[in-house]
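Please read the structure below before turning to the comments.
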């Protein structure tokens, strides 16, 4: 039998090369380094090192502070993801229905998109400053004995609020374009069949938005896990106690402030495994329910 | 054209840069952590030095905060691109000194080095267990009590408290006058490390960590627990204000007249003079008379300059020459006056006194006087590994005491356990 073989040049490889090189240099190589470092006890300056198997994992992962950070990270990520998706969806649906001044609404809702997490954190810091912060004063004025410097719940509230605020506009943009992608004819047909807008939303619009929602969920979980670093770093820095410490922030604190490379590498390897597992779960079990 | 002056300025400044760099002088890279006004003073010192001779050129580079600077130095050393001089802070001293072969000791580098030239409080903090100076103390400060004179007058109090017992007596009066009596900017430094120095208490085994890395922290002691039990009482009674872990948050509370007294650094003096719109005074760090009758000196905070290993001999001559310039009396006096940090040599202190500096600004002398108070067995300093993380552990448990999530006993027991685990890791890594 004659095998069909297409002649091809090296050009396709050339086109994918930049992407491959970027992944190699900025992901695979550092990841390999982290895995290697996680088995070593090495002084910060790299002058002496010993291979210690899983010592770094035992020391850091089973410590109270890591477990506390892991617990907070999971709760925090779940809340931030849910709230930023839910609020953005609500706003997008409402903005989509607005006829007069539609673009003003949309622009106003979108422009927080351009704000980087550390900047959002610094703004939040000012608003919640105990001496000059308007939000701090407002919350205390309405009878909430608010003190995020000492109360774990209040501190969690601050970082969640800032993280959600920063992310809502990104989700809003995607949801809005998703909504506008739903054919008018489908909407019109559903209007004839069903009078309740709420029911129409859950049976027609929401399922049609599922691909967008799924994509945003993946993006938002990653955001809550990693990108909120800038917000934590500029606001609570893990305080009070270790109540708002996230895993990424702890990796940074131990590795970059504390010069404990082995321990910090072990933590980042565990974090990598956690995120990989989460991604697999998302694509395996949740994506199945999504119809494109 | 609008842009012409700008272009001309650019051309001029770049021309100036190349003209200084064109000289075939040995370049000395100096990485530091002095931002804002302090950074300007650092640049001025380097410029003055470069103008004073033609053999060497010192190039200062601001690398961010203390931790950022240390991390940058570590990364550079691993990549064999380390600067000649790096500024390392008190809590990071163990990391650089215990890494054998990372630095060249100052005592070996400088000709005619005599440790007795330095004021007692700074001599041994950055020295090894044999008393040989490794890092050159640079920006040295010590905790002081600042007080708002207007607030004191309003409350009818004549003098700031010498002891914590006196503090307890006046705190209610200040509260009545509408002030929180006290805030403080660095619990590990002021209410832990210097608490031990002031009361001459041992803070870690192995000679406060100087003799070995195989050590245990001794913070979980009755005096510390008594003190923190009191601080929590003060907080609940409204005599103590906690505005967060950040240094500035608590200093702001003092500047904005929320609190009447603030424990900060002797190096805060210059900044307070500019920001406070009321008359304030500085005095010694209070102590518990119930623990010690005659308080001891405190030890320094701040940072030191280390000469990093791996350069040519000729480069080290340049570093030594610059260190000699830095420690020269007139430059120390300049640094002292501009920043509020204490002069590190006895000669510089004497010169500042002779000039009459302390007659016009007596508060600037308090830090040096406190550092020169009689030393005890445990006032030399400490050398503890992973101390940056241990300070985080301390902050964490102090938060828990304040919020009531843990009792004082629970907090100190947990602090001891976590800190000793870190010390054990450090010992296994650096032994």
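Chains as they are written, first to last, in the numbering used here: chain A, 3 to 294; chain B, 3 to 433.
Every residue, glycine too, gets a C-beta built ideally from N, C-alpha and C.
Backbone secondary structure at residue i - three-state DSSP
{"i": "residue 47 of chain A", "result": "coil"}
{"i": "residue 330 of chain B", "result": "coil"}
{"i": "residue 141 of chain B", "result": "strand"}
{"i": "residue 253 of chain B", "result": "helix"}
{"i": "residue 284 of chain A", "result": "helix"}
{"i": "residue 106 of chain B", "result": "strand"}
{"i": "residue 112 of chain B", "result": "coil"}
{"i": "residue 171 of chain B", "result": "helix"}
{"i": "residue 5 of chain B", "result": "In this prediction, residue 5 of chain B has a pLDDT of 45, which is less than 50 and means its spatial position is unreliable; what the coordinates show is noted afterwards. It is coil, neither helix nor strand."}
{"i": "residue 343 of chain B", "result": "coil"}
{"i": "residue 165 of chain B", "result": "strand"}
{"i": "residue 289 of chain B", "result": "strand"}
{"i": "residue 23 of chain B", "result": "With a pLDDT of 47 at residue 23 of chain B, under the threshold of 50, the predicted position of this residue should be treated as unreliable, though the coordinate-derived value follows. Residue 23 of chain B falls in the helix class under three-state DSSP."}
{"i": "residue 132 of chain B", "result": "coil"}
Residues that residue i bridges to, as DSSP identifies them
{"i": "residue 91 of chain B", "result": "B:305"}
{"i": "residue 442 of chain B", "result": "Given a span of 3 to 433 for chain B in the structure shown, any question on residue 442 of chain B remains unanswerable."}
{"i": "residue 282 of chain B", "result": "B:150"}
{"i": "residue 61 of chain B", "result": "B:31"}
{"i": "residue 52 of chain A", "result": "A:43"}
{"i": "residue 266 of chain B", "result": "B:146"}
{"i": "residue 396 of chain B", "result": "Bridge partners of residue 396 of chain B: none, in fact."}
{"i": "residue 206 of chain B", "result": "B:219"}
{"i": "residue 310 of chain B", "result": "B:105"}
Member of the options whose CA lies at the smallest distance from the CA of residue i
{"i": "residue 203 of chain A", "options": "A:221, A:189 and A:279", "result": "A:189"}
{"i": "residue 227 of chain A", "options": "A:274, A:95 and A:284", "result": "A:274"}
{"i": "residue 272 of chain A", "options": "A:249, A:85, A:106 and A:157", "result": "A:249"}
{"i": "residue 169 of chain A", "options": "A:225, A:131 and A:127", "result": "A:225"}
{"i": "residue 72 of chain A", "options": "A:291, A:244, A:287 and A:54", "result": "A:244"}
{"i": "residue 403 of chain B", "options": "B:392, B:417 and B:391", "result": "B:417"}
{"i": "residue 399 of chain B", "options": "B:217, B:189 and B:268", "result": "B:189"}
{"i": "residue 173 of chain A", "options": "A:157, A:160 and A:217", "result": "A:217"}
{"i": "residue 81 of chain A", "options": "A:260, A:100 and A:162", "result": "A:162"}
{"i": "residue 286 of chain B", "options": "B:64, B:165, B:36 and B:278", "result": "B:165"}
{"i": "residue 261 of chain B", "options": "B:179, B:276 and B:31", "result": "B:179"}
{"i": "residue 151 of chain B", "options": "B:255, B:112, B:283 and B:343", "result": "B:283"}
{"i": "residue 132 of chain A", "options": "B:215, B:426 and B:243", "result": "B:243"}
{"i": "residue 308 of chain B", "options": "B:139, B:272 and B:228", "result": "B:139"}
{"i": "residue 145 of chain B", "options": "B:395, B:39 and B:197", "result": "B:197"}
Opening and closing residue of the alpha helix (DSSP H) in which residue i lies
{"i": "residue 35 of chain A", "result": "31-39"}
{"i": "residue 372 of chain B", "result": "368-373"}
{"i": "residue 212 of chain B", "result": "Per DSSP, residue 212 of chain B belongs to no alpha helix (DSSP H) and is neither H nor E."}
{"i": "residue 89 of chain A", "result": "66-99"}
{"i": "residue 133 of chain A", "result": "Segment: none, residue 133 of chain A is in no alpha helix (DSSP H) and carries neither H nor E."}
{"i": "residue 415 of chain B", "result": "410-432"}
{"i": "residue 77 of chain B", "result": "68-80"}
{"i": "residue 122 of chain B", "result": "122-125"}
{"i": "residue 110 of chain A", "result": "104-112"}
{"i": "residue 225 of chain B", "result": "224-239"}
{"i": "residue 194 of chain A", "result": "186-195"}
{"i": "residue 15 of chain A", "result": "13-25"}
{"i": "residue 244 of chain B", "result": "Neither: residue 244 of chain B is in no alpha helix (DSSP H) and is coded neither H nor E."}
{"i": "residue 363 of chain B", "result": "Note, residue 363 of chain B: premise wrong, no alpha helix (DSSP H); not H, not E."}
Neighbour list for residue i in chain B, Cβ cutoff strictly below 7 Å
{"i": "residue 260 of chain A", "result": "388, 390 and 391"}
{"i": "residue 132 of chain A", "result": "245"}
{"i": "residue 151 of chain A", "result": "244, 245 and 246"}
{"i": "residue 242 of chain A", "result": "401 and 405"}
{"i": "residue 92 of chain A", "result": "The contacting residues do not exist; residue 92 of chain A stays about 34 Å from chain B at best."}
{"i": "residue 255 of chain A", "result": "394"}
Chain-ordered neighbours of residue i on chain A, where CB pairs are closer than 7 Å
{"i": "residue 228 of chain B", "result": "Under the 7 Å cutoff, chain A gives no residues; its nearest Cβ is about 22 Å from residue 228 of chain B."}
{"i": "residue 87 of chain B", "result": "Those within 7 Å of residue 87 of chain B in chain A number zero; the least Cβ separation is about 16 Å."}
{"i": "residue 432 of chain B", "result": "45"}
Where residue i meets chain B, residues with beta-carbon distance less than 8 Å
{"i": "residue 269 of chain A", "result": "Neighbours of residue 269 of chain A on chain B: none; closest Cβ ~13 Å, over 8 Å."}
{"i": "residue 41 of chain A", "result": "Ordered by position in chain B, no residue passes the 8 Å Cβ test against residue 41 of chain A, which lies about 13 Å from the chain."}
First and last residue of the uninterrupted beta strand (DSSP E) at residue i
{"i": "residue 28 of chain B", "result": "28-34"}
{"i": "residue 209 of chain A", "result": "Looking at the DSSP string, residue 209 of chain A is not in any beta strand (DSSP E); the run it does join, the alpha helix (DSSP H), is 208-224."}
{"i": "residue 184 of chain B", "result": "182-186"}
Proximal chain A residues relative to residue i, where beta-carbon distance stays under 8 Å
{"i": "residue 232 of chain B", "result": "What residue 232 of chain B touches in chain A: nothing, since even the nearest Cβ is about 18 Å away."}
{"i": "residue 73 of chain B", "result": "258, 259 and 261"}
{"i": "residue 148 of chain B", "result": "Neighbours of residue 148 of chain B on chain A: none; closest Cβ ~17 Å, over 8 Å."}
{"i": "residue 76 of chain B", "result": "46, 47 and 261"}
Within chain A, partners of residue i - CB distance below 9 Å
{"i": "residue 286 of chain B", "result": "Near residue 286 of chain B there are no residues of chain A at all, since even the closest Cβ is about 27 Å away, more than 9 Å."}
{"i": "residue 258 of chain B", "result": "133 and 134"}
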